[in-house]
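Residue numbers (this note's numbering), protein chains in the order written: chain P, 20 to 389; chain Z, 114 to 308.
All residues carry an ideal CB built from backbone N, CA and C; glycine is no exception.
Here's the structure, in structure tokens; my notes come after.
Right, dumping it as structure tokens:
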């Protein structure tokens, strides 16, 4: 039994990992899961990259919330990402808080949690850390890298950073750069965390009280961007929460308020506020064109990878035009690209929900790519 | 699986190993045939998401989009052939789409139903109604064919735009028919164009 493979794995890699900021990270801890079996020739591996607040528990029960894997309908035996055929790897990104190196990890220089001493990381740094993990697992070349939202940014960054290590990329509800509006929403979240007196400049790990109120507000603001107006209206409208009339006070009179408060609070049980700062920063810094001389097409000139992009018509966080911009750059670079905009009432979150069309496209793309 | 007759004509005349952009590629039937039989590197553009999904499921590279809006994003001369089959008459600006085809591709195949076919003429002349035929099955108010065109109209347009007709094929009942009086006798035309 090779203990590098299986559920709930952890590895400490010596590093150092050279980061875009100029700093270096050592050691590099990575928490990950694998599903399925690596082929003799190592050629059947698919890497799944997770979104901002997701983690490595893509198809297994979450240890904190007890909820089933976040992409169960996509990953498993006979599913579009078929664990009978592929070795599927999903790793917690660096900067996060589910076991990979992040601000809550111990800084070897001080023996204390890093807090704000953790270096600022980028999407490309996350990808480089994943490449170190693949080296450890003996995977040279990925059959595919797949991700939605921030996972899609990693899936775009993979062939740009390691052109020879990836055969195909599936990029769902994502973008090649964060827009001013994307950055603006993230800044609201970060300021909410930093305004919480419990934040203490990030040095709260020994204090017994985390900046949960600030983190909850950050989550509430972000959560609105994951839904569509039509979806919110359909789900809540102006319905009142367990009452017959307005209270003329500031309780959660409306169901939508109650829902957001619940989302915010539940989030603080499973997520670290500093990790939220670091990962949102990484997303805001993401601009794949900027990393390649200002020309997005240049990011894809070295790679032979096939690309499949999917957007959703009600996603206003990473709208269809962002995917189209990537497709145009792929065309300019001569890369093989497929793209489809799917219809869904659920906004950005649609990529996490069961969608027969999305399943069909991804299944077909992964299976028949030759 | 046999190809639609106009697509079969095109498939027979695409050089093996070439690069092809199929605009309005549907579920990718022509692209798949070109890839499998002639080792063609085919890419597609298609409006309908269900068709895109079907084509991607065949392992083809297909992008959702429409000919009027999205051709401008393709680089100059990035394909040996641009193919526009039974789509020209559905575009908002057919003349501009033609220009785009020959900007993107070295050559262009264009196929369209001939609105001057005798059955169409008879329908208008004797019936006084917009024709509903096998090739043009929709009624006037729900047809996607917003720019009906005849073979002679098409010849005039390409001449006006300085485009060379390298070859042309005419179809009737799915079978080839001669060039003589094609504007009257042919239901369907396939043109091979170059600048």
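Review point. So which residues of chain P does residue 194(Z) contact, with C-beta pairs closer than 9 Å?
Key: For the purposes of this step, residue 194(Z) is taken as the residue at position 81 of the second chain. Neighbours of residue 194(Z) on chain P: none; closest Cβ ~16 Å, over 9 Å.
Check your understanding: Sorted by chain position, which residues of the same chain lie with C-beta nearer than 6 Å to residue 68(P)'s C-beta, five sequence neighbours on each side aside?
Key -> Taking the first residue of the first chain as 1, we reach residue 68(P) at position 49. So the list reads 166, 170, 173, 174, once near-sequence residues are dropped.
Exercise for review: Could you tell me which of 79(P), 47(P), 236(P), 94(P) sits nearest to residue 65(P), measuring between CA atoms?
Suggested key: Residue mapping note: residue 65(P) aligns to position 46 of the first chain, counting from 1. Residue 65(P) has its Cα closest to that of 94(P), out of 79(P), 47(P), 236(P), 94(P).
Exercise for review: Thinking residue 79(P) and residue 370(P) are a contact (beta carbons under 8 Å), I'd like their distance in whole angstroms, please.
Suggested key: On the first chain, position 60 is the one that residue 79(P) refers to. On the first chain, position 351 is the one that residue 370(P) refers to. About 19 Å; that fails the 8 Å criterion.
Practice item. Please determine if the segment 241-250 of chain Z and the segment 170-186 of chain Z are in contact, where contact requires at least 3 C-beta pairs separated by less than 8 Å. Key: no
Check your understanding: Is residue 149(P) helix, strand or coil by DSSP?
Key -> Within the first chain, numbered from 1, the residue matching residue 149(P) stands at position 130. Three-state DSSP puts residue 149(P) in a helix.
Practice item. Run the CB neighbour count on residue 248(P), radius 10 Å, all protein chains shown included, and call it buried at 16 or more, exposed below. Key: Your numbering for residue 248(P) matches position 229 in the first chain. Residue 248(P) comes out exposed.
Review point. What does residue 171(Z) touch in chain P if you count any residue whose Cβ is under 8 Å from its own?
Key: Within the second chain, numbered from 1, the residue matching residue 171(Z) stands at position 58. Ordered by position in chain P, the residues that pass the 8 Å Cβ test against residue 171(Z) are 383, 387.
Exercise for review: Could you name the residues of the same chain whose beta carbon sits closer than 6 Å to that of residue 159(Z), not counting the 5 residues immediately before and after it, in chain order?
Suggested key: In the second chain, residue 159(Z) corresponds to position 46, counting from 1. So the qualifying residues of the chain are 138, 165, 175.
Check your understanding: Using the beta-carbon of each residue, which ones in chain Z are nearer than 7 Å to residue 358(P)?
Key -> Indexing the first chain from 1 puts residue 358(P) at position 339. The answer, in chain order, is 176, 177.
Exercise for review: Could you tell me the distance, in whole angstroms, from the CA atom of residue 383(P) to the CA atom of residue 332(P)?
Suggested key: As a position in the first chain, residue 383(P) is number 364, starting the count at 1. As a position in the first chain, residue 332(P) is number 313, starting the count at 1. Distance between the alpha carbons of residue 383(P) and residue 332(P): 21 Å.
Check your understanding: Quick one: what does DSSP say residue 226(Z) is sitting in, helix, strand or coil?
Key -> Start at 1 with the first residue of the second chain, and residue 226(Z) comes out as number 113. Strand, per DSSP.
**Study point:** Close-in-space but distant-in-sequence residues of the same chain around residue 356(P) (CB under 6 Å, 5 per side omitted)
**Key:** Looking up residue 356(P) in the first chain gives position 337. Same-chain partners within the cutoff: 326, 346, 349.
Exercise for review: Name, please, each residue of chain Z whose Cβ falls closer than 9 Å to the Cβ of residue 105(P).
Suggested key: Counting from 1 along the first chain, the entry for residue 105(P) is found at position 86. In chain order: nothing, as chain Z lies at least about 16 Å away.
Exercise for review: Provide the residue(s) that pair with residue 177(Z) in DSSP beta bridges, ordered along the chain.
Suggested key: In the second chain, residue 177(Z) corresponds to position 64, counting from 1. BP columns for residue 177(Z) point to 159(Z).
Review point. What are the complete alpha helix (DSSP H) segments, minimum 4 residues, inside the segment 342-375 of chain P?
Key: none
Exercise for review: Following the continuous beta strand (DSSP E) through residue 288(Z), name the residue where it begins and the one where it ends.
Suggested key: Reading the second chain from its first residue, position 175 is the one you call residue 288(Z). Taken as a continuous stretch (DSSP letters only), the beta strand (DSSP E) holding residue 288(Z) covers 288-290.
Exercise for review: Quick one: which residues of the segment 126-140 of chain Z get their C-beta closer than 8 Å to a C-beta of chain P? List them in chain order.
Suggested key: none
Review point. Alpha carbon to alpha carbon, how far is residue 145(P) from residue 190(Z)?
Key: Stepping through the first chain from its first residue, residue 145(P) is reached at position 126. Stepping through the second chain from its first residue, residue 190(Z) is reached at position 77. The alpha-carbon atoms of residue 145(P) and residue 190(Z) are separated by roughly 37 Å.
Exercise for review: Taking only beta-carbon positions, decide if residue 376(P) is within less than 8 Å of chain Z.
Suggested key: Here residue 376(P) refers to the residue found at position 357 when the first chain is read from its first residue. By this cut-off, residue 376(P) is an interface position.
Check your understanding: What are the uninterrupted segments assigned as alpha helix (DSSP H) that are 4 or more residues long and contained completely in the segment 233-279 of chain Z, given in chain order?
Key -> 264-273
**Study point:** Test item: CB-CB of residue 218(Z) and residue 193(Z) under 8 Å
**Key:** What you label residue 218(Z) is simply residue 105 of the second chain in a count that begins at 1. What you label residue 193(Z) is simply residue 80 of the second chain in a count that begins at 1. Yes, the pair counts as a contact, with Cβ atoms nearer than the cut-off.
Review point. Between residue 206(Z) and the rest of its own chain, which residues show a CB-CB distance below 8 Å, the 5 nearest in sequence each way excluded?
Key: In the second chain, residue 206(Z) corresponds to position 93, counting from 1. Contacts found: 181.
Exercise for review: From the DSSP output, in three-state form, read off residue 191(Z) for me.
Suggested key: Locating residue 191(Z) in the second chain gives position 78, where the first residue counts as 1. It is coil, neither helix nor strand.
Exercise for review: Output the distance between the C-alpha atoms of residue 211(Z) and residue 280(Z), rounded to the nearest integer angstrom.
Suggested key: Looking up residue 211(Z) in the second chain gives position 98. Looking up residue 280(Z) in the second chain gives position 167. C-alpha separation (whole angstroms): 16 Å.
Practice item. Output, in sequence order along the chain, the residues in the segment 340-351 of chain P whose CB is closer than 8 Å to any CB in chain Z. Key: 343, 346, 347, 350, 351
Check your understanding: Do residue 119(P) and residue 49(P) come within 8 Å of each other at the CB atom, strictly closer than that value?
Key -> As a first step, residue 49(P) must be located in the first chain, where it is residue number 30. As a first step, residue 119(P) must be located in the first chain, where it is residue number 100. Their beta carbons are under 8 Å apart, which means residue 49(P) touches residue 119(P) by this criterion.
Check your understanding: Which whole runs of the beta strand (DSSP E) in the segment 156-181 of chain P are 3 residues long or more, in chain order?
Key -> 163-167
Review point. Looking at the C-beta of residue 302(Z), does it have a partner C-beta in chain P at a distance below 8 Å?
Key: For this step, residue 302(Z) is matched to residue 189 along the second chain. Chain P contact via Cβ: absent.
Check your understanding: For the segment 300-316 of chain P, which residues have a CB atom closer than 7 Å to at least one CB atom of chain Z, in sequence order?
Key -> none
Exercise for review: Tell me residue 95(P)'s beta-bridge partners as DSSP assigns them.
Suggested key: If you number the first chain from 1, residue 95(P) lands on position 76. Per DSSP, 101(P).
Review point. Which term fits residue 282(Z), buried or exposed, when burial requires 16 or more other beta carbons within 10 angstroms of its beta carbon?
Key: Residue numbering aside, residue 282(Z) sits at position 169 when the second chain is read from its first letter. Buried.
Check your understanding: Which of the three DSSP states, helix, strand or coil, is assigned to residue 306(P)?
Key -> Against the first chain, residue 306(P) aligns to sequence position 287. Looking at residue 306(P) - three-state DSSP - the assignment turns out to be strand.
Review point. Bridge partners of residue 125(P), per DSSP?
Key: The residue you call residue 125(P) lines up with position 106 of the first chain. According to DSSP, residue 125(P) bridges with 132(P).
Exercise for review: Output the boundary residues of the alpha helix (DSSP H) element that contains residue 123(Z).
Suggested key: Within the second chain, residue 123(Z) is the residue found at index 10, counting from 1. Segment 118-126, the alpha helix (DSSP H) holding residue 123(Z).
Practice item. Using only the heavy atoms of the ligand MN, determine whether one of them is closer than 7 Å to the beta carbon of residue 135(Z). Key: What this structure holds is no ligand at all, so the ligand MN is not there to describe.
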